[in-house]
Amino acid sequence: GFSCDEVMRSGAYFSDFLQQTKGKPPSWNVPSPFSLAFDPTKGLFDYYSTVDEVRGRRFDLGMGGTE
Numbered sequence: 183g184f185s186c187d188e189v190m191r192s193g194a195y196f197s198d199f200l201q202q203t204k205g206k207p208p209s210w211n212v213p214s215p216f217s218l219a220f221d222p223t224k225g226l227f228d229y230y231s232t233v234d235e236v237r238g239r240r241f242d243l244g245m246g247g248t249e
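First residue of the sequence shown? That's 183 in my numbering, and the numbers climb one at a time after it.
Here it is in structure tokens:
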């Protein structure tokens with residue numbers, strides 16, 4: 183699908199994430215696999231709203247559902 187690239191890229195960082203957390207639930211200061219792949223200072227929603235605005239608009243439409 184169209185969203186495959188961000189999922190695949192994030193998946194490539196999953197092992198780094200597991201090494202940082204030692205397989206335990208992470209604390210809030212550990213970057214997610216998505217943040218490691220794209221921008222460690224931003225979470226998914228911040229990234230979509232400031233960096234990838236095209237995906238951000240698509241995400242907003244999807245979350246809005248239908249009326």
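For glycine and all other residues, C-beta sits at the position ideal for the given N, C-alpha and C.
As the structure is a prediction and not an experimental result, all values here were calculated from the model.
For a quick check, are the C-beta atoms of residue i and residue j less than 8 Å apart?
{"i": "Arg237", "j": "Ala219", "result": "no"}
{"i": "Val212", "j": "Thr223", "result": "no"}
{"i": "Phe241", "j": "Tyr229", "result": "no"}
Check residue i in the structure and name its three-state DSSP category.
{"i": "Ser209", "result": "coil"}
{"i": "Gly238", "result": "helix"}
{"i": "Asp228", "result": "helix"}
{"i": "Asp221", "result": "coil"}
{"i": "Gly183", "result": "Any reading at Gly183 is ruled out, since the residue's pLDDT is 45, under 50, leaving its predicted position unreliable."}
Sort the options by Cα distance to residue i and report the nearest one.
{"i": "Met245", "options": "Val189, Gly193, Lys204 and Phe227", "result": "Phe227"}
Compute the beta-carbon to beta-carbon distance between residue i and residue j, rounded to the nearest angstrom, for a pair I have assumed lies under 8 Å.
{"i": "Gly225", "j": "Ser214", "result": "7 Å"}
Self-check item: Inter-stretch contact at 8 Å, needing at least 3 Cβ pairs: the region 187-203 / the region 212-228
Solution: yes
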